[in-house]
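Novice: Following the numbering used here, the numbering of the sequence shown begins with 392 at its first residue and continues without gaps.
Using N, Cα and C, we set each Cβ at its ideal position, and we do this for glycine too.
This is the structure, below, for whatever I ask next.
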Amino acid sequence: MQLRKMNELVQATAPPATTENMEVEFQLVSPRKAAEHPCPLKTTSSIKVGNRFQSLTDIPALTETKSYPATINLKLRATFKTLVKEIAENFLGTENNLIYGYINIKATSEENPQKIIQLLMEKKEKFILLEASVDRPIKVVLKGLHAETNTTDIVEDLQSKGFTVNRISQMRNYKLQKPLDMFLIEIKKAGHFQNSLISRN
Numbered sequence: 392m393q394l395r396k397m398n399e400l401v402q403a404t405a406p407p408a409t410t411e412n413m414e415v416e417f418q419l420v421s422p423r424k425a426a427e428h429p430c431p432l433k434t435t436s437s438i439k440v441g442n443r444f445q446s447l448t449d450i451p452a453l454t455e456t457k458s459y460p461a462t463i464n465l466k467l468r469a470t471f472k473t474l475v476k477e478i479a480e481n482f483l484g485t486e487n488n489l490i491y492g493y494i495n496i497k498a499t500s501e502e503n504p505q506k507i508i509q510l511l512m513e514k515k516e517k518f519i520l521l522e523a524s525v526d527r528p529i530k531v532v533l534k535g536l537h538a539e540t541n542t543t544d545i546v547e548d549l550q551s552k553g554f555t556v557n558r559i560s561q562m563r564n565y566k567l568q569k570p571l572d573m574f575l576i577e578i579k580k581a582g583h584f585q586n587s588l589i590s591r592n
């Protein structure tokens, strides 16, 4: 009963749905209210940007700034003090420093490392020889060759181009136990070795 009365009240107060009431007079809205004014374009000066990497192209292909002499790393033993004392007395001017559990022996002349090595071999000491930076070979990785390429063919090709190959080995994927299509090559610093990093033929 109450619902019926409520519906009657709503129908009495609501305007009849006719097209005449739907057509409301069209009102013009001022342009300011209708849309925002576009900002005037500001003329910005052009920014000059230089090539920051230009200086890298001016660097020569291979420049060694520092040259390190050959050093000997002697493994620590119980009698290392007497041995270091003997080396210091026989070869004057040698520097002996403890580095990462090894005694680093740096000789003053080029002949002394060979004599120190002979002494260490006579005493059956364990040591590691670190070559001078001038004598160290250049390591190059060849990519893109087939995995079944014969290494002797690569060595012969490099020797025909004037490179002295010290060692060559094929790199392997040890997880899959498969050879990769990459070869690690050690080239001696002889001939035109500096072009090895540039030439790609």
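How many Å lie between K472 and N503 at the Cα?
Specialist: Their backbone Cα atoms lie some 19 angstroms apart in a straight line.
Novice: If you compare alpha carbons, which of Q418, I463, A498 is closest to N481?
Specialist: Nearest in C-alpha terms to N481, of all of Q418, I463, A498, is A498.
Novice: Please look up how many angstroms separate the CB atoms of I463 and I508, rounded, as I've assumed it's under 8 angstroms.
Specialist: Correct: roughly 7 angstroms between the Cβ atoms.
Novice: Identify, in the order they occur along the chain, each residue of the same chain with its Cβ nearer than 6 angstroms to the Cβ of S560, setting aside the five sequence neighbours on each side.
Specialist: L575
Novice: State buried or exposed for T470, treating a residue as buried only when at least 16 other CB atoms are found within 10 Å of its CB.
Specialist: exposed
Novice: To the nearest angstrom, report how far apart K534 and D449 are at their CA atoms.
Specialist: For the pair K534 and D449, the Cα-to-Cα distance works out to about 27 angstroms.
Novice: Of the choices I490, T540, R527, K579, whose alpha-carbon is the least far from that of P460?
Specialist: The shortest Cα separation from P460 among I490, T540, R527, K579 belongs to R527.
Novice: Out of curiosity, what's the CA-to-CA distance linking I496 and R563?
Specialist: 35 angstroms
Novice: Would you grab the beta carbon distance between F518 and L511 for me? Rounded to a whole angstrom, and I think it's under 8 angstroms.
Specialist: 5 angstroms
Novice: Can you tell me whether DSSP reads Q505 as helix, strand or coil?
Specialist: Three-state DSSP puts Q505 in a helix.
Novice: Look up Q561 in the DSSP assignment and say whether it is helix, strand or coil.
Specialist: strand
Novice: Work out the CA separation of V556 and E547 for me, nearest whole Å.
Specialist: 9 angstroms
Novice: Starting from the C-beta of Q505, find all residues in its chain whose C-beta is less than 8 angstroms away, skip the five residues before and the five after it, and write them out in chain order.
Specialist: none
Novice: Would a C-beta distance cut-off of 9 angstroms place L467 and G492 closer than the cut-off?
Specialist: Yes; because the gap between Cβ atoms is below 9 angstroms, this pair is in contact.
Novice: Is DSSP giving L575 helix, strand or coil here?
Specialist: strand
Novice: Start and end of the alpha helix (DSSP H) containing K476?
Specialist: 471-481
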